[in-house]
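Enquirer:
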Amino acid sequence: MTTVSFTSSTITLAAANSAIEAGLAKAREMGIAVTIAVTDPNGVLKAYQRMESASVLSTDVAVAKARTAATSGFNTGEFFEFIRTDPALLHGMTNVPGYAVFGGGEQITLADLGVIGAVGVSGAHYSQDEQVALAAVKAVTA
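Residue numbers (the UniProt record's numbering): 1 to 142.
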């Protein structure tokens, strides 16, 4: 009998919180209110914060963006570009509960470990959400 095993790495709670703090600082600098979620590589929520005036809708969307980035193999903006010209994928993926296919979900990748988690940001325009998510990722990967 052959035994097969593998090791996977995940973001620590401390790193997840550091990513969130960096994202919150970027959002404040931009003058926007957002929700930031960090998941492990399986899309399971690790850490989460909603700024006082961020919309209630942003709570679920931030988690969905992080989950999508963690599990799809794409950052959410890139995922949309991948599926937008394929009607079956576009209509299928946009109807999967708990997933989001617009900017603001970014993978957290370390060169030696691969994807260790993802950040999802929601509450502003998706292009602004993406800027906040990138700042959060940079804080734990630079």
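Backbone N, C-alpha and C fix where the C-beta goes; we use that ideal spot for every residue, glycine too.
On the DSSP bridge assignment, give the partners of arginine 50 in chain order.
Expert: The residue you call residue 50 lines up with position 50 of the sequence shown. For arginine 50, which the question treats as bridged, DSSP gives the partners Thr35.
Enquirer: Measuring only the C-alpha atoms, how far is glutamine 107 from alanine 19?
Expert: Here residue 107 corresponds to residue number 107 of the sequence shown, with the count starting at 1. Here residue 19 corresponds to residue number 19 of the sequence shown, with the count starting at 1. Their Cα atoms are separated by approximately 12 Å.
Enquirer: Starting from leucine 110 and walking both ways along the beta strand (DSSP E), at which residues does that stretch end?
Expert: Locating residue 110 in the sequence shown gives position 110, counting from the first residue. Where leucine 110 is concerned, the enclosing beta strand (DSSP E) stretches over 105-110.
Enquirer: Our contact map puts lysine 46 next to alanine 100 with C-beta atoms below 8 Å; I'd like the distance itself, whole angstroms only.
Expert: Here the question's residue 46 lines up with position 46 in the sequence shown. Here the question's residue 100 lines up with position 100 in the sequence shown. Rounded, the Cβ-Cβ distance is 17 Å, inconsistent with contact.
Enquirer: What runs of the beta strand (DSSP E), each 3 residues or longer, lie entirely inside the stretch 49-136?
Expert: 105-110 and 114-122
Enquirer: Give me the Cα-Cα distance between glycine 23 and alanine 136, rounded to the nearest whole angstrom.
Expert: Sequence index remark: in the sequence shown, residue 23 carries index 23 (1-based). Sequence index remark: in the sequence shown, residue 136 carries index 136 (1-based). Between glycine 23 and alanine 136, the C-alpha separation is close to 4 Å.
Enquirer: So, alanine 16 versus glycine 123, is the Cβ gap smaller than 8 Å?
Expert: Within the sequence shown, the letter at position 16 stands for residue 16. Within the sequence shown, the letter at position 123 stands for residue 123. Going by C-beta atoms, alanine 16 is not nearer than 8 Å to glycine 123.
Enquirer: Between which two residues does the alpha helix (DSSP H) containing methionine 30 stretch?
Expert: Taking the first residue of the sequence shown as 1, we reach residue 30 at position 30. Its alpha helix (DSSP H) spans residues 13-30.
Enquirer: Have a look at phenylalanine 6 and isoleucine 83 and give me their C-alpha separation to the nearest angstrom.
Expert: Here the question's residue 6 lines up with position 6 in the sequence shown. Here the question's residue 83 lines up with position 83 in the sequence shown. Rounded to whole angstroms, phenylalanine 6 to isoleucine 83 spans 30 Å at the Cα level.
Enquirer: Between Thr71, Ala25 and Val121, which lies nearest to alanine 37 when the distance is taken from Cα to Cα?
Expert: Residue mapping note: residue 37 aligns to position 37 of the sequence shown, counting from 1. Among Thr71, Ala25 and Val121, the Cα nearest to that of alanine 37 is on Val121.
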